[in-house]
Structures are given as C-alpha cells and as structure tokens.
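J.: One structure follows; several queries about it will come next.
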Amino acid sequence: MRIDVITIFPDYLAPLELSLIGKARRDGVLDVRVHDLRDFTHDRHRTVDDTPFGGGAGMVMKPQPWKEALDALGAAADGGEGMRPRLIVPGPSGRRLDQTLARELAQEEWLAFACGRYEGIDERVYEYASESLGWQVDVVSLGDYVLNGGEVAVLAMVEAIGRLVPGVVGNPESLVEESHEDGLLEYPVYTKPASWDDGSVVREVPPVLLSGDHAAIARWRHEQRLARTAQRRPDLLHPSLVVEGLGDLDLRLATPADVPELMVLTRACWIEEVAEVAPHWAGPVETVAEHTADLREWRTWVVRSHGRLIGSVRARRKPGEPHRWWIGRLMVAPDLAGEGLGRALLAFAEGQAPEDVTEFWLNTGRSRTRNQRFYRKAGYRVIPGESEVHPMTVDLRKPRR
Ligand code: JEB
3 MRIDVITIFP
13 DYLAPLELSL
23 IGKARRDGVL
33 DVRVHDLRDF
43 THDRHRTVDD
53 TPFGGGAGMV
63 MKPQPWKEAL
73 DALGAAADGG
83 EGMRPRLIVP
93 GPSGRRLDQT
103 LARELAQEEW
113 LAFACGRYEG
123 IDERVYEYAS
133 ESLGWQVDVV
143 SLGDYVLNGG
153 EVAVLAMVEA
163 IGRLVPGVVG
173 NPESLVEESH
183 EDGLLEYPVY
193 TKPASWDDGS
203 VVREVPPVLL
213 SGDHAAIARW
223 RHEQRLARTA
233 QRRPDLLHPS
243 LVVEGLGDLD
253 LRLATPADVP
263 ELMVLTRACW
273 IEEVAEVAPH
283 WAGPVETVAE
293 HTADLREWRT
303 WVVRSHGRLI
313 GSVRARRKPG
323 EPHRWWIGRL
333 MVAPDLAGEG
343 LGRALLAFAE
353 GQAPEDVTEF
363 WLNTGRSRTR
373 NQRFYRKAGY
383 RVIPGESEVH
393 PMTVDLRKPR
403 R
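For the record, in the sequence shown the residue sitting at position 258 is 260 according to the working numbering, with numbers rising by one throughout.
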C-alpha cells in the first residue's frame with residue numbers, strides 16, 4: 003500500500019519509522035512518503051495560512067499550496083496512468099474512525115493524508131480534490147475531542163489501517179480475536195508469575211486460567227468480555243434497529259436479566275412446534291439456568307419496544323467451523339409477526355458475522371414450511387439429506403454476499 007502524508011510538520015511523522023509500521027516500510031509492504039506543504043509555497047516566508055473571511059478567531063490554511071501539493075502527488079503517480087489516491091483529511095467534524103472504516107481503508111492501494119493546522123483548510127481544497135481531480139475525499143475524525151492538527155490523527159490512522167494490510171502484522175490470526183473486531187471489548191490477560199506480590203498484596207491470576215479446561219476458559223473470557231463491555235462501553239451493546247412500520251427499536255445484547263422474558267417468548271414462538279413434533283426439541287422447556295448458560299455460548303440479541311421484549315435472535319461460530327455463522331432462535335412476538343421484524347433481525351444477525359465468515363447456517367423444523375419459505379425468501383436453501391442438528395429438522399445455508 004502506498005501512503006502519502008502532506009504536513010507542515012514532517013518531523014511529527016517520524017514515529018512511522020519505528021516498530022511494526024517502520025519494519026513494514028523497510029520490507030517494502032508499506033510505501034510511506036511524507037511531504038512538507040511549505041515546499042509548495044513561493045513567498046519568502048513560505049506562508050501556508052491567512053485570516054478567515056467573515057472574521058473569527060485563528061487562521062485558515064490557504065488553498066494554493068494545497069492545490070500544488072495535491073497536483074504533485076497526482077503527477078508522481080508512478081503506480082501508473084489513472085491511479086488516484088483516496089484522500090483522507092483528519093478533522094474533528096469527520097466520520098469517526100472505527101474498525102469497520104479501518105478495514106475498508108486497508109483495502110485501498112493508495113491513501114493520501116492531508117494534515118490541517120489552525121482552524122482547518124480552505125473548503126475549496128476539498129472541492130478541488132473531489133471535483134477537479136476526481137479523488138474520493140473523506141474527512142475522518144479520531145474521536146470527539148479537539149486536537150491542534152491532523153498529524154497525531156494520521157499517526158493513529160496509519161497504525162490502525164497499516165496493521166490490517168497483509169504482511170504488516172506477522173501473525174494475522176492475532177488480528178481476529180481483538181477488541182472491536184466482533185463488537186465486544188477484549189478479556190483481561192495475565193502472564194507469569196501466577197502469584198505476584200506487588201509489595202503489599204499478593205495478587206493471583208484467576209484460577210480458571212490455570213485449570214487447563216479450555217472450554218471453561220473460553221466461557222470465562224466471553225463472560226469477561228460481556229461484563230467489561232456492559233460496564234465501560236454500554237453503547238456498543240445498543241445498536242439501534244429500524245423496522246418499517248415499527249420505527250426505532252431498542253436492540254441490544256441479552257443479559258441474564260433478559261432470560262425470564264426470553265423464555266416466555268421462546269415458549270410462545272415454539273408452542274405449535276411442540277404440539278406437532280414434541281418432544282424432540284428441548285428449547286421451550288429449558289430452565290432459567292440452561293437459558294442463562296446459553297448466553298455465554300451464543301451472542302443473543304433482544305429487541306424491545308417501549309420496554310416490552312418483542313423479538314430475539316442469536317448467532318455464533320461453532321468450534322472447528324470458523325467460516326460458518328450459525329443463526330438461531332429467531333423469534334418475534336406473535337402479535338407482531340409479519341411486520342418485517344424477523345427479516346430485520348435476521349439481517350442484523352448476518353451483519354454481526356466476523357469478516358472471515360463465508361456462509362450463514364440455520365436450522366428449523368422439517369415440517370415448518372412457513373419458516374422455510376421465510377428463510378428461502380431471505381436467500382437460504384435447505385441442505386438435502388439429514389440435518390446435523392436433529393432428524394426432525396432441516397439445515398439451511400446461505401453464502402455470504
Ligand atoms: C484534526 C484539527 C481544529 C476546529 C477546527 C480545527 C486541523 N478527533 C480530532 N479532533 N481534532 C482533530 C481530530 C481528528 N482527526 C483535528 C485536524 C485538524 C483537529 N485542527 C484544529 C480544532 N477545532 C486543525
């Protein structure tokens with residue numbers, strides 16, 4: 003990937019020579035070039051700023067040096083005819099950088115970063131880049147706080163994006179199970195010694211991590227991730243879901259407090275199935291403890307409308323099936339069936355699949371033809387033959403995208 007940075011403080015970008023990004027540059031994986039905006043001025047003082055039209059505090063970056071700097075980038079497109087960078091302008095009023103945007107930008111062949119200072123860059127520079135040069139221009143913000151210029155933001159952006167470029171991080175697996183990759187914060191980590199005297203207290207590593215019970219460790223870590231996310235970043239657990247006719251609904255990851263209502267919904271939704279083919283399926287007769295335990299194995303979401311639990315769905319990857327995203331227990335309150343909530347929840351659960359998932363799987367009663375029609379419309383096809391789950395059911399599959 004090629005990365006150009008235009009700044010009045012090239013020295014600010016010196017850390018890009020260090021660590022993983024520096025190594026990637028030396029290995030030729032990242033081609034990072036830093037340019038001094040003042041090289042594109044023509045006056046004795048190498049002026050890049052001027053007072054704002056309309057008055058107000060501070061200074062604004064003049065358009066002319068920026069035009070010449072951008073033109074020089076375009077002219078130096080040694081990647082070939084028609085190669086254009088995607089221009090990223092860090093700014094406090096931009097789209098927030100998150101892992102989704104970082105992944106998107108990591109796919110680009112060429113990124114150019116324009117570091118503003120003062121009150122920002124003359125607006126016509128953005129118009130010039132997009133309309134005259136035909137570049138895609140995005141204003142991107144690190145977060146809701148104010149910096150003095152774009153350089154620190156570029157350091158963060160290049161690191162977040164660069165580490166997703168193949169060959170930058172030695173072990174790509176280490177990228178998968180990280181904070182923000184699947185919407186939850188990470189679990190706490192420990193290293194030796196198992197028992198550590200900090201000078202006044204002997205602090206122990208949680209015993210489960212020393213147990214050698216990998217399933218128990220995985221459950222504990224998932225619990226820790228949920229608890230931490232609820233505590234520190236409750237916003238991550240509250241995606242909103244808009245359903246035609248139902249409006250803005252409160253969709254969030256289920257907690258043990260949701261279990262009793264989830265059980266009521268489960269029984270309501272599966273009463274017909276139980277009447278027809280009981281007792282092959284335990285779902286509706288599970289205990290509170292069993293339901294609660296399931297929250298650790300699955301990511302379960304509940305939808306509420308004015309406080310009432312009206313829908314739910316859950317999904318997970320099963321061990322040994324890294325590319326398959328199992329979706330289950332898609333439920334809608336009986337009085338709201340047919341309003342599109344089920345479709346929206348199914349689409350939401352699909353959208354929560356980690357990046358490397360290639361197919362969605364679900365399972366429904368062999369005799370549930372209405373369900374099967376619903377899933378068929380959503381792109382699922384019944385797998386012929388015996389179900390992996392139960393002979394009274396069928397498995398359905400849908401390739402991603
Ligand atoms: C980035 C910047 C300035 C109003 C206008 C300009 C250039 N998350 C972030 N906070 N602040 C910035 C940012 C990002 N990305 C940022 C570029 C510039 C701030 N300023 C200062 C302050 N207020 C100039």
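For glycine and all other residues, C-beta sits at the position ideal for the given N, C-alpha and C. This structure is a prediction, so every number in the text was calculated from the model and none was measured.
Between the beta-carbon of residue 7 and the beta-carbon of residue 36, is there less than 8 Å?
T.: Position 5 of the sequence shown, counted from the start, is the residue given in the question as residue 7. Position 34 of the sequence shown, counted from the start, is the residue given in the question as residue 36. Taking 8 Å as the Cβ cut-off, residue 7 and residue 36 qualify as a contacting pair.
J.: Between 130, 385 and 318, which lies nearest to residue 138 when the distance is taken from Cα to Cα?
T.: In the sequence shown, counting from the first residue as 1, residue 138 sits at position 136. Ranking the options by Cα distance to residue 138, first place goes to 130.
J.: Using three-state DSSP, classify residue 242 as helix, strand or coil.
T.: For the purposes of this step, residue 242 is taken as the residue at position 240 of the sequence shown. Three-state result, residue 242: strand.
J.: Decide if the segment 156 to 171 is in contact with the segment 27 to 41; the criterion is three or more beta carbon pairs, one per stretch, under 8 Å apart.
T.: yes
J.: Taking a contact to mean a Cβ-Cβ separation below 8 Å, would you say residue 72 touches residue 88 in this structure?
T.: Here residue 72 refers to the residue found at position 70 when the sequence shown is read from its first residue. Here residue 88 refers to the residue found at position 86 when the sequence shown is read from its first residue. Their beta carbons are not under 8 Å apart, which means residue 72 does not touch residue 88 by this criterion.
J.: In the structure shown, what three-state DSSP assignment does residue 286 receive?
T.: What you label residue 286 is simply residue 284 of the sequence shown in a count that begins at 1. Note: residue 286 maps to helix in three-state DSSP.
J.: Which residues in the same chain have their Cβ closer than 7 Å to the Cβ of residue 226, if we skip the five residues on either side of it in sequence?
T.: The count along the sequence shown starts at 1 and reaches residue 226 at position 224. For residue 226, where only same-chain residues beyond five positions count, the Cβ hits under 7 Å are 189 and 190.
J.: Just the C-alpha distance for residue 157 and residue 14, rounded to the nearest angstrom, thanks.
T.: As a position in the sequence shown, residue 157 is number 155, starting the count at 1. As a position in the sequence shown, residue 14 is number 12, starting the count at 1. Near 9 Å, if we compare the C-alpha coordinates of residue 14 and residue 157.
J.: Looking at residue 246 and residue 367, is the spacing between their C-beta atoms short of 8 Å?
T.: Residue 367 sits at position 365 when you count from the first residue of the sequence shown. Residue 246 sits at position 244 when you count from the first residue of the sequence shown. No, the Cβ-Cβ distance between residue 367 and residue 246 is not below 8 Å.
J.: Under three-state DSSP, which class holds residue 58?
T.: As a first step, residue 58 is located in the sequence shown; it is residue number 56 there, counting from the start. In the structure shown, residue 58 sits in coil (DSSP, three-state: anything other than H, G, I, E or B).
J.: Note down the Cα distance separating residue 229 from residue 173, rounded to an integer number of angstroms.
T.: As a first step, residue 229 is located in the sequence shown; it is residue number 227 there, counting from the start. As a first step, residue 173 is located in the sequence shown; it is residue number 171 there, counting from the start. Computed Cα separation, rounded: 28 Å.
J.: Can you give me the start and stop residues for the alpha helix (DSSP H) that residue 153 sits inside?
T.: Here residue 153 refers to the residue found at position 151 of the sequence shown. Looking at the DSSP string, the run of the alpha helix (DSSP H) that includes residue 153 is 153 to 164.
J.: Return yes when at least one heavy atom of the ligand JEB lies under 7 Å from the C-beta of residue 155, else no.
T.: Mapped onto the sequence shown, residue 155 falls at position 153. The nearest non-hydrogen atom of the ligand JEB is less than 7 Å from the C-beta of residue 155.
J.: Just confirm the distance between the C-beta atoms of residue 385 and residue 362, as a whole number of angstroms; I'd bet it's less than 8 Å.
T.: By 1-based counting over the sequence shown, the position of residue 385 is 383. By 1-based counting over the sequence shown, the position of residue 362 is 360. Actually they do not touch by this definition, with Cβ atoms about 12 Å apart.
J.: By DSSP's criteria, residue 361 is part of a beta bridge. Which residues make up the other side?
T.: Residue 361 sits at position 359 when you count from the first residue of the sequence shown. According to DSSP, residue 361 bridges with 326 and 401.
J.: Report the residue from 22, 9 and 374 whose alpha carbon sits nearest the alpha carbon of residue 39.
T.: Numbered from its first residue, the sequence shown carries residue 39 at position 37. Per the Cα distances, 9.
J.: Excluding the five sequence neighbours on either side, which residues of its own chain have a C-beta within less than 7 Å of the C-beta of residue 395, listed in chain order?
T.: To locate residue 395, count along the sequence shown from 1; it is residue 393. Closer than 7 Å at the Cβ level, and outside the excluded window around residue 395, lie 365, 366, 367, 368 and 389.
J.: Which whole-angstrom value describes the C-beta separation of residue 313 and residue 333, a residue pair presumed to lie in contact below a C-beta threshold of 8 Å?
T.: Within the sequence shown, residue 313 is the residue found at index 311, counting from 1. Within the sequence shown, residue 333 is the residue found at index 331, counting from 1. The Cβ separation is near 6 Å, so the contact holds.
J.: For residue 206, name the three-state secondary structure that DSSP assigns.
T.: Position 204 of the sequence shown holds residue 206. It is a strand residue.
J.: Do you know offhand how far residue 27's Cα is from residue 74's?
T.: Along the sequence shown, one-based indexing puts residue 27 at 25. Along the sequence shown, one-based indexing puts residue 74 at 72. Near 22 Å, if we compare the C-alpha coordinates of residue 74 and residue 27.
J.: Residue 128: buried (16+ other C-beta within 10 angstroms of its C-beta) or exposed?
T.: Here residue 128 corresponds to residue number 126 of the sequence shown, with the count starting at 1. Buried.
J.: Taking residue 43 as the reference, give the member of 58, 305 and 63 with the closest Cα.
T.: Your numbering for residue 43 matches position 41 in the sequence shown. The candidate whose alpha carbon is nearest that of residue 43 is 63.
J.: Out of 11, 110 and 120, point me to the one whose CA is closest to residue 61's CA.
T.: Your numbering for residue 61 matches position 59 in the sequence shown. Of 11, 110 and 120, the residue nearest in Cα terms is 120.
J.: Consult DSSP for residue 112 and reduce its assignment to one of helix, strand or coil.
T.: In the sequence shown, the residue the question calls residue 112 occupies position 110. In the structure shown, residue 112 sits in a strand (DSSP, three-state: E or B).
J.: Can you tell me whether residue 20 is helix, strand or coil according to DSSP?
T.: The count along the sequence shown starts at 1 and reaches residue 20 at position 18. Note: residue 20 maps to coil in three-state DSSP.
J.: Going by DSSP, name the residue or residues bridged to residue 249.
T.: Your numbering for residue 249 matches position 247 in the sequence shown. According to DSSP, residue 249 bridges with 245.
J.: Taking 7 Å as the cut-off, does the CB of residue 149 come closer than this to any heavy atom belonging to the ligand JEB?
T.: Indexing the sequence shown from 1 puts residue 149 at position 147. Answer for residue 149: yes, Cβ within range of the ligand JEB.
J.: In whole angstroms, give me the CA-to-CA distance for residue 294 and residue 257.
T.: Numbered from 1 along the sequence shown, position 292 holds the residue referred to as residue 294. Numbered from 1 along the sequence shown, position 255 holds the residue referred to as residue 257. Their backbone Cα atoms lie some 8 Å apart in a straight line.
J.: Look at the Cβ atom of residue 105, then the Cβ atom of residue 143, and state whether they are nearer than 8 Å.
T.: Counting from 1 along the sequence shown, the entry for residue 105 is found at position 103. Counting from 1 along the sequence shown, the entry for residue 143 is found at position 141. Cβ distance not < 8 Å, so residue 105 and residue 143 don't count as in contact.
J.: Flag residue 229 as yes if its beta-carbon sits less than 8 Å from any beta-carbon of chain D, otherwise no.
T.: Looking at the structure shown, chain D is missing, and only one protein chain is on hand.
J.: Considering Cα atoms alone, identify which of 242, 125 and 264 is closest to residue 335.
T.: As a first step, residue 335 is located in the sequence shown; it is residue number 333 there, counting from the start. Looking at the Cα atoms, 264 is the closest of the given residues.
J.: Would you grab the beta carbon distance between residue 302 and residue 251 for me? Rounded to a whole angstrom, and I think it's under 8 Å.
T.: Residue mapping note: residue 302 aligns to position 300 of the sequence shown, counting from 1. Residue mapping note: residue 251 aligns to position 249 of the sequence shown, counting from 1. Actually they are not in contact, since the Cβ atoms of residue 302 and residue 251 sit about 16 Å apart, beyond 8 Å.
J.: By DSSP's criteria, residue 367 is part of a beta bridge. Which residues make up the other side?
T.: Reading the sequence shown from its first residue, position 365 is the one you call residue 367. Residue 367 is bridged to 395.
J.: Tell me the rounded alpha-carbon separation between residue 214 and residue 220.
T.: If you number the sequence shown from 1, residue 214 lands on position 212. If you number the sequence shown from 1, residue 220 lands on position 218. Roughly 11 Å between the two C-alpha positions.
J.: Quick one: Cα of residue 204 to Cα of residue 195, how far?
T.: Along the sequence shown, one-based indexing puts residue 204 at 202. Along the sequence shown, one-based indexing puts residue 195 at 193. Cα-Cα distance, rounded: 11 Å.
J.: May I ask you to list the residues that DSSP assigns as paired with residue 140?
T.: Here residue 140 corresponds to residue number 138 of the sequence shown, with the count starting at 1. DSSP output for residue 140 lists 90 as bridge partner(s).
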